[in-house]
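Down below is the structure, laid out as structure tokens.
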Amino acid sequence: MALRKKLCFDVLGEMIGRRFYSSKLDLKKLRPMILKRIENRAKDYPVRDLVPLAEQVLQTRALLIQGVSTLIKVFPVQACKFCPEVFIGEKGHLIQTCCGYRRRSKNRVHEWVSGGLNDILAPVEAFHLHRMFQHVIEHNQRFDFDRVPAVVELCWQAGADPNDESLYSRTRDNVGGVDGAECLSREELRVIANGTLKAWEMLRSGVERLLLVYPAKVCKHCSEVHVGPSGHKAQLCGVFKYESWRGAHFWKKAVVDDLVPQKRVWRRRPQDPLVLLNEGRDYYGHAPAVVDLCSQAGAVVPTKYFCMMKFQGLSAPHV
2 MALRKKLCFD
12 VLGEMIGRRF
22 YSSKLDLKKL
32 RPMILKRIEN
42 RAKDYPVRDL
52 VPLAEQVLQT
62 RALLIQGVST
72 LIKVFPVQAC
82 KFCPEVFIGE
92 KGHLIQTCCG
102 YRRRSKNRVH
112 EWVSGGLNDI
122 LAPVEAFHLH
132 RMFQHVIEHN
142 QRFDFDRVPA
152 VVELCWQAGA
162 DPNDESLYSR
172 TRDNVGGVDG
182 AECLSREELR
192 VIANGTLKAW
202 EMLRSGVERL
212 LLVYPAKVCK
222 HCSEVHVGPS
232 GHKAQLCGVF
242 KYESWRGAHF
252 WKKAVVDDLV
262 PQKRVWRRRP
272 QDPLVLLNEG
282 RDYYGHAPAV
292 VDLCSQAGAV
302 VPTKYFCMMK
312 FQGLSAPHV
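In this note's numbering, the protein residues as written are 2 to 320.
What follows is the structure, given as structure tokens:
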């Protein structure tokens with residue numbers, strides 16, 4: 002009797018825990034209800050408490066661009082002609098990591114040319130939405146929306162006023178550096194470098210906090226970013242160009258590195274040779290390009306980068 006009662010309780014528990022879905026459910030009747038809930042959700046944005054943070058991120062971004070533009074006038078930047086590799090120094094390294102034009106060849110020595118601001122701060126653009134919760138952008142609508150920096154779009158959706166001249170004028174990417182940077186003293190360059198590195202850390206921290214509240218998407222197969230609750234349908238992804246997929250993106254949740262890429266570079270330490278050789282690549286350190294640029298100008302590097310930069314690492318053995 003006790004066993005029978007236990008079996009009855011187990012069967013009832015299983016039936017209660019299950020969900021039974023009706024096959025006669027009409028999704029057409031649910032669609033207006035879903036759209037209504039999306040419209041009501043838009044009333045909660047922008048979050049008032051985060052508006053000052055969005056404005057601060059815009060201002061910090063402008064300071065970062067100005068600081069990097071100033072430092073690259075004194076510390077030359079080398080960029081590979083055929084791949085995204087960057088090196089900060091008078092001459093590029095000899096490490097064979099070039100993937101070649103369209104990845105047709107690998108493990109080649111880089112062909113270096115003079116780099117610029119976009120080689121240090123990799124530009125990431127996104128569609129500028131008229132409002133945060135709007136209809137998904139179709140492929141044939143891709144030219145109806147402007148392309149703006151993804152960080153700027155995130156801040157606009159977070160409540161920063163795009164018509165505010167004190168903010169809008171400083172969101173441009175062509176912010177110039179300090180005039181006569183070549184004549185600045187070592188101490189003045191150190192002050193600029195410390196301020197630039199601080200702006201870099203504040204920018205990444207601010208974007209990370211905004212992404213906790215405001216959704217953003219990134220394609221799994223390319224660097225396309227969309228700031229909004231769902232990705233667009235513009236067929237711009239080149240991964241499946243040779244297939245019949247027609248270039249649609251595969252979206253996932255974006256993180257701070259997708260909107261503000263670190264752009265890691267090889268870093269020369271005092272114990273390394275003047276030109277980094279391919280034989281010692283296992284001994285050399287890395288650093289985000291902004292951090293390496295500021296450290297060469299005398300900025301104090303945060304300890305979280307020490308492991309990556311291999312400050313106390315051994316030098317490569319002489320061949």
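Each residue gets a CB set at the ideal place from its N, CA and C atoms; glycine is no exception. All figures in this text were calculated on a predicted structure; none of them were measured in a lab.
Using the beta-carbon count (16 or more within 10 Å), is residue i buried or exposed?
i           : result
residue 34  : exposed
residue 145 : exposed
residue 184 : exposed
residue 170 : Low per-residue confidence applies at residue 170: pLDDT is 45, beneath 50, and the placement is therefore not dependable enough to give any value.
residue 87  : buried
residue 70  : buried
residue 61  : buried
residue 303 : exposed
residue 321 : Residue 321 is absent from the structure shown; the chain starts at 2 and stops at 320.
residue 90  : buried
residue 150 : buried
First and last residue of the alpha helix (DSSP H) that includes residue i?
i           : result
residue 316 : That residue, residue 316, is in no alpha helix (DSSP H); it is neither H nor E in DSSP.
residue 56  : 52-72
residue 162 : Element bounds for residue 162: n/a, residue is neither H nor E.
residue 308 : 307-310
In the DSSP output, what is residue i paired with across the bridge?
i           : result
residue 89  : 78
residue 99  : 109
residue 150 : 126
residue 224 : DSSP, once it has assigned bridges, lists no residue as partnering residue 224.
residue 268 : 286
residue 1   : The requested residue 1 is not part of the displayed model; the chain covers only 2 to 320.
residue 219 : 226 and 253
Cutting at 8 Å between CB atoms, please list the residues of its own chain near residue i, excluding the five before and the five after it.
i           : result
residue 340 : No answer is possible for residue 340: it lies beyond the span of the chain, which begins at 2 and ends at 320.
residue 187 : 299
residue 140 : 234, 235 and 236
residue 48  : 159, 160 and 214
Do you know whose CA, among the options, lies nearest residue i's CA?
i           : options               : result
residue 301 : 196, 231, 131 and 226 : 196
residue 64  : 98, 158, 291 and 136  : 291
residue 113 : 91, 80 and 99         : 80
residue 321 : 258, 259 and 237      : Given that the chain is displayed from residue 2 to residue 320, the structure contains no residue 321 and the question cannot be resolved.
residue 224 : 143, 91, 253 and 89   : 253
residue 265 : 306, 232, 191 and 276 : 306
residue 272 : 315, 280 and 255      : 315
residue 109 : 94, 115, 116 and 120  : 94
residue 78  : 256, 189 and 115      : 115
How is the beta strand (DSSP E) around residue i delimited, first residue to last?
i           : result
residue 186 : First-last for residue 186: undefined, no H or E at that position.
residue 254 : 252-254
Is residue i near the ligand ATP, with its Cβ less than 8 Å from a heavy atom?
i           : result
residue 126 : In the structure shown, the ligand ATP is absent, as is every other ligand, since no ligand is present at all.
Please list, in chain order, all residues of the same chain as residue i whose beta carbon is under 6 Å from its beta carbon, the five residues on each side excluded.
i           : result
residue 312 : none
residue 212 : none
residue 216 : 230
residue 52  : 160
residue 201 : 65 and 291
residue 172 : Low local confidence applies: a pLDDT of 47 at residue 172 is under 50, so the model's placement there is unreliable, with the coordinate-based value given in what follows. These residues qualify, in order along the chain: 59 and 153.
residue 198 : 295 and 300
residue 218 : 227, 232, 252 and 255
residue 156 : 55, 58 and 59
Excluding the 5 residues preceding and the 5 following residue i in the sequence, name in chain order all residues of the same chain whose CB lies nearer than 7 Å to its CB.
i           : result
residue 309 : 286, 287 and 288
residue 83  : 99, 101, 102 and 112
residue 96  : 267, 277, 279 and 282
residue 233 : 128, 137, 138 and 227
residue 147 : 129
I'd like to know if residue i contacts chain D, where contact means its C-beta is closer than 9 Å to some C-beta of that chain.
i           : result
residue 143 : In summary, chain D is missing from the structure at hand, where a single protein chain is found.
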